[in-house]
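Trainee: In the numbering used here, the protein residues as written are 99 to 235.
A virtual CB, placed ideally from N, CA and C, is assigned to each residue, including glycine.
1) Does residue 216 come out as helix, strand or coil in the three-state DSSP assignment?
2) Using the Cα positions of residue 99 and residue 157, report the straight-line distance between them to the nearest angstrom.
3) Would you call residue 235 buried or exposed, if buried means 16 or more other Cβ atoms sit within 10 Å of its Cβ?
4) Looking only at DSSP bridge pairs, what is residue 234 linked to?
5) If you run the structure through DSSP and keep just helix, strand and coil, what is residue 111?
6) List, from N- to C-terminal side, the alpha helix (DSSP H) runs of 4 residues or more that fit wholly inside the region 104-187.
7) Taking residue 180 as the reference, give the member of 102, 164, 216 with the closest Cα.
8) Just mark residue 185 as buried or exposed, buried being the case when its beta carbon has 16 or more other beta carbons within 10 Å.
9) If the criterion is Cβ atoms closer than 8 Å, does the pair residue 127 and residue 121 meet it?
10) Quick one: measure Cβ to Cβ for residue 119 and residue 163, integer angstroms, because I've assumed they're closer than 8 Å.
11) Exposed or buried, residue 236, counting other C-beta atoms within 10 Å across all chains shown (16 or more means buried)?
12) By the three-class DSSP mapping on this structure, what secondary structure does residue 102 have?
13) Please return the same chain residues whose Cβ sits closer than 8 Å to the Cβ of residue 233, not counting the five positions on each side in sequence.
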């Protein structure tokens, strides 16, 4: 099973909101989702937690692409523009610093027009446990 398949299968919360990894490379991952009625908050725009979860899924792929179980320990998200019903949003994560214990990543979340909706940073911790997969994609 590839890392992409493993996370799309085992991250049950991300899957339940319709978030899917679509690309995983060494130090890079992309996750996508289309904003549906169920994603809207009381203001009628996409709930911030949906955007966070999408970015976090891409972060999980990048953080774990080295084959060692890696868990997020700190994230900061800044929302810049609201996602609307029907928007196709994409989270791209890039590994900024591949530290042996505390890797650091940057994420950008955009809509189908390429407009930046949010930025997120993530710090993770590698634990002493293998995270097995056959390949990235």
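Mentor: Taking the coordinates as given:
1) strand
2) Straight-line Cα distance between these residues: approximately 19 Å.
3) Residue 235 comes out exposed.
4) Beta-bridge pairing links residue 234 to no other residue.
5) helix
6) Correct list: 110-114, 146-162.
7) The shortest C-alpha separation from residue 180 is found at 216.
8) Within a 10 Å sphere around the beta-carbon of residue 185 sit 16 or more other beta-carbons, which makes this residue buried.
9) For residue 127 and residue 121, yes; Cβs fall inside 8 Å.
10) No, residue 119 and residue 163 are not in contact; Cβ-Cβ is about 11 Å, not under 8 Å.
11) With the chain covering 99 to 235 only, the question about residue 236 has no answer from this structure.
12) helix
13) A distance below 8 Å between beta-carbons, with the five flanking residues on each side excluded, links residue 233 to the following residues of its chain, in chain order: 100, 101.
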